[in-house]
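A.B. asks:
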Amino acid sequence: MSKFTAIIPAAGRGVRLLPYTEYVPKTMLSVAGKPILGHILDQVESCGIQKVVFIVGYKQEAIVEFVRDRYPHLDAAFVQQPEPKGLGHAIYLAKDEVSGPCFILLGDTIVDGDLRPLVHGGKNAVGIKPVGDPSRFGIVEIKDGKIISFEEKPERPKSDLAIIGAYSFLDSAKLFGALEEVIRSGRTVKNEIQLTDALSVLLERGEEIVPVYMNDWFDCGTVEVMLQTNRLLLTRHQHIPQELEQNNTIIPPCWIEDGVKAENCVLGPYVSVAYGADLRDCKLEDCIVCPHTAVEQKTACHTVLDKYNH
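Under the numbering used here, think of the first position of the sequence shown as 61, with each following residue one higher.
1. Can you give me the start and stop residues for the beta strand (DSSP E) that proline 190 sits inside?
2. Would aspartate 168 and isoleucine 96 be called neighbours here (beta carbons separated by less than 8 Å)?
3. Quick one: what's proline 95 bridged to in DSSP?
4. Would you check if the stretch 257-272 and the stretch 183-195 touch, i.e. whether three or more CB-CB distances between them fall below 8 Å?
5. Put isoleucine 109 into one of helix, strand or coil per three-state DSSP.
6. Within this structure, are the beta carbons of methionine 286 and valine 179 separated by less than 8 Å?
7. Please list the terminal residues of the continuous beta strand (DSSP E) segment that includes glycine 225.
8. Is cysteine 361 buried or exposed, if buried means 16 or more other CB atoms sit within 10 Å of its CB?
9. Can you tell me which of Glu240, Gly181 and Lys250 puts its alpha carbon nearest to the alpha carbon of proline 214?
10. What would DSSP say about isoleucine 151, mapped onto helix, strand or coil?
11. Residues in its own chain within less than 7 Å of alanine 2 by CB, not counting five upstream and five downstream?
12. From the DSSP output, which residues share a beta bridge with proline 69?
13. Please give the ranges of any alpha helix (DSSP H) in the stretch 281-327, keeping only runs that are unbroken, at least 4 residues long and fully inside the region.
14. When you compare the CB positions of alanine 136 and methionine 88, do they come within less than 8 Å of one another, or not?
15. Under the three-state reduction of DSSP, which class applies to isoleucine 253: helix, strand or coil?
16. When the Cα of threonine 289 is compared with those of Arg176, Ala92, Ala70 and Leu77, which residue comes out closest?
17. Quick one: using the 10 Å Cβ neighbour count with 16 as the cut-off for buried, is glycine 182 buried or exposed?
18. Do the stretch 126-135 and the stretch 305-322 make contact, defined as three or more Cβ pairs closer than 8 Å?
19. Proline 177 by DSSP, collapsed to three states: which one?
20. Exposed or buried, histidine 99, counting other C-beta atoms within 10 Å across all chains shown (16 or more means buried)?
21. Can you tell me which residues form a DSSP beta bridge with glutamate 210?
22. Measure the C-alpha to C-alpha separation of glycine 8 and serine 245 and round it to an integer number of angstroms.
23. In the DSSP assignment, what are the bridge partners of valine 270?
24. Taking just the CA atoms, how far does proline 329 sit from glutamate 211?
25. Have a look at the DSSP bridge pairing and note the partners of cysteine 347.
26. If we ignore side chains and look at the alpha-carbon of each, how far apart do isoleucine 164 and leucine 263 end up?
27. Rounding to the nearest angstrom, what Cα-Cα distance links valine 84 and lysine 203 in this structure?
28. Residues in the same chain with beta-carbon distance under 8 Å from lysine 63, minus the five sequence neighbours each way, listed in chain order, please.
29. Name, in chain order, the residues that DSSP records as bridge partners for cysteine 162.
30. Give the straight-line distance between the Cα atoms of valine 355 and glutamine 306, rounded to the nearest whole angstrom.
31. Could you give the distance in angstroms between the alpha-carbon of asparagine 369 and the alpha-carbon of histidine 297?
32. Let me check understanding here. Comparing Cα to Cα, which of Tyr152, Ile253 and Val127 lies closest to serine 232?
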């Protein structure tokens, strides 16, 4: 078991995902058969990490219930972020629950790739990937294999290397110390306390931070990106309970969770159905069906269906 503690900021509402986030936080929306948070926790566990600190706020009850129900073996702590003051502030709130090395993975981001080299590489590390429009992201500048600067959504980026939302630190106390300096200074970007400013402080203090290149990542902040992520994940991972093929037509790729009820449906391609769903007389293509959603006599394409909006 890893000595790392994972920190997952998941307090955001997800305004761009309304009306789907009217009743649940965005990390609880489904992609490829399970909530986004489920994919994140599977990646955390793949790194051997068992202690997880969740930064929660909006509709936090849904997150607490999901973690305790689906991941009861985790050593989980929940810390409230009452106001959205930025990623740096969210991470800082975890300071009383974390000691030793820590791993940060954003609560609305699914990373495509093996995170173990980032966590267990023996150095402070940040996951990165070249992007076409670096001004939309946190950006790193690299020299001799090390990160020499961080910028948050710069107008004139020094590189095209975007931070993918995955970070690993060997000594969390140094990270929290740098965050405290940023908070005391009053430094903000668009009125938010940024983690990248704390990382710049670490560099100023002589800490080495290395880049780890990742395949891709999906910031599931819009319905379009959720559907795109769903399609990509379904090309790699499929699951169709055999009993559902008797009374339905299922066109791969699909992910249908065990226990799902379906009768007289045509599902696929690119349909994912999460646990607790009940489908009757439906024809769905390129769709995400969220947990505990009952749908009857529905034809839909390129959309998200949940128990509140269908």
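The C-beta atom is built at its ideal place from N, Cα and C for all residues, glycine as well.
C.D. replies: Short version:
1. Stepping through the sequence shown from its first residue, residue 190 is reached at position 130. Unbroken beta strand (DSSP E) run through proline 190: 184-190.
2. By one-based count along the sequence shown, residue 168 stands at place 108. By one-based count along the sequence shown, residue 96 stands at place 36. A contact, by the Cβ cut-off of 8 Å.
3. The residue labelled residue 95 in the question sits at position 35 within the sequence shown. In the DSSP output, where bridge partners are listed per residue, proline 95 has Ser90.
4. yes
5. In the sequence shown, the residue the question calls residue 109 occupies position 49. It is coil, neither helix nor strand.
6. Numbered from 1 along the sequence shown, position 226 holds the residue referred to as residue 286. Numbered from 1 along the sequence shown, position 119 holds the residue referred to as residue 179. No, they are not a contact pair.
7. In the sequence shown, counting from the first residue as 1, residue 225 sits at position 165. Looking at the DSSP string, the run of the beta strand (DSSP E) that includes glycine 225 is 221-229.
8. Within the sequence shown, the letter at position 301 stands for residue 361. So cysteine 361 counts as exposed.
9. The count along the sequence shown starts at 1 and reaches residue 214 at position 154. Looking at the Cα atoms, Lys250 is the closest of the given residues.
10. The count along the sequence shown starts at 1 and reaches residue 151 at position 91. Helix.
11. Because residue 2 is not part of the residues shown, which for the chain are 61 to 370, the question remains open.
12. For the purposes of this step, residue 69 is identified with residue 9 of the sequence shown, where counting begins at 1. Proline 69 is bridged to Ile115.
13. DSSP runs (the alpha helix (DSSP H)) wholly in the stretch 281-327: 283-296.
14. Within the sequence shown, residue 136 is the residue found at index 76, counting from 1. Within the sequence shown, residue 88 is the residue found at index 28, counting from 1. In this structure, methionine 88 does not lie closer than 8 Å to alanine 136 by Cβ.
15. Taking the first residue of the sequence shown as position 1, residue 253 is located at position 193. Isoleucine 253 falls in the coil class under three-state DSSP.
16. Here residue 289 refers to the residue found at position 229 of the sequence shown. Looking at the Cα atoms, Ala92 is the closest of the given residues.
17. Taking the first residue of the sequence shown as 1, we reach residue 182 at position 122. Exposed, because fewer than 16 other Cβ atoms sit within 10 Å of the Cβ of glycine 182.
18. no
19. The residue labelled residue 177 in the question sits at position 117 within the sequence shown. Residue state, collapsed to three classes: helix.
20. The sequence position of residue 99 within the sequence shown is 39, counting from 1. Result: buried.
21. If you number the sequence shown from 1, residue 210 lands on position 150. First, the residue type needs correcting, since residue 210 is phenylalanine and not glutamate in the sequence shown. Partner(s): Val200.
22. The first residue shown for the chain is 61 and the last is 370, placing residue 8 beyond what the model contains.
23. The residue given as residue 270 occupies position 210 in the sequence shown. Answer by DSSP bridge pairing, in chain order: Ala185.
24. Translated into positions along the sequence shown, residue 211 becomes position 151. Translated into positions along the sequence shown, residue 329 becomes position 269. In a straight line, the C-alpha of glutamate 211 is about 40 Å away from that of proline 329.
25. Taking the sequence shown and counting its residues from 1, one reaches residue 347 at position 287. BP columns for cysteine 347 point to Val331 and Thr363.
26. Residue mapping note: residue 164 aligns to position 104 of the sequence shown, counting from 1. Residue mapping note: residue 263 aligns to position 203 of the sequence shown, counting from 1. Rounded to the nearest angstrom, the two C-alpha atoms are 18 Å apart.
27. Locating residue 84 in the sequence shown gives position 24, where the first residue counts as 1. Locating residue 203 in the sequence shown gives position 143, where the first residue counts as 1. When rounded, the distance between both Cα atoms is 42 Å.
28. Locating residue 63 in the sequence shown gives position 3, counting from the first residue. Result list for lysine 63: Gly160 and Pro161, in chain order.
29. Working through the sequence shown from its first residue, we reach residue 162 at position 102. Thr65 and Phe229, per the DSSP bridge assignment.
30. Counted from its first residue, the sequence shown places residue 355 at position 295. Counted from its first residue, the sequence shown places residue 306 at position 246. Going by the C-alpha atoms only, they are around 19 Å apart.
31. In the sequence shown, counting from the first residue as 1, residue 369 sits at position 309. In the sequence shown, counting from the first residue as 1, residue 297 sits at position 237. Spanning the alpha carbons of asparagine 369 and histidine 297 requires a straight line of approximately 26 Å.
32. The sequence position of residue 232 within the sequence shown is 172, counting from 1. Of the candidates Tyr152, Ile253 and Val127, Tyr152 places its Cα closest to the Cα of serine 232.
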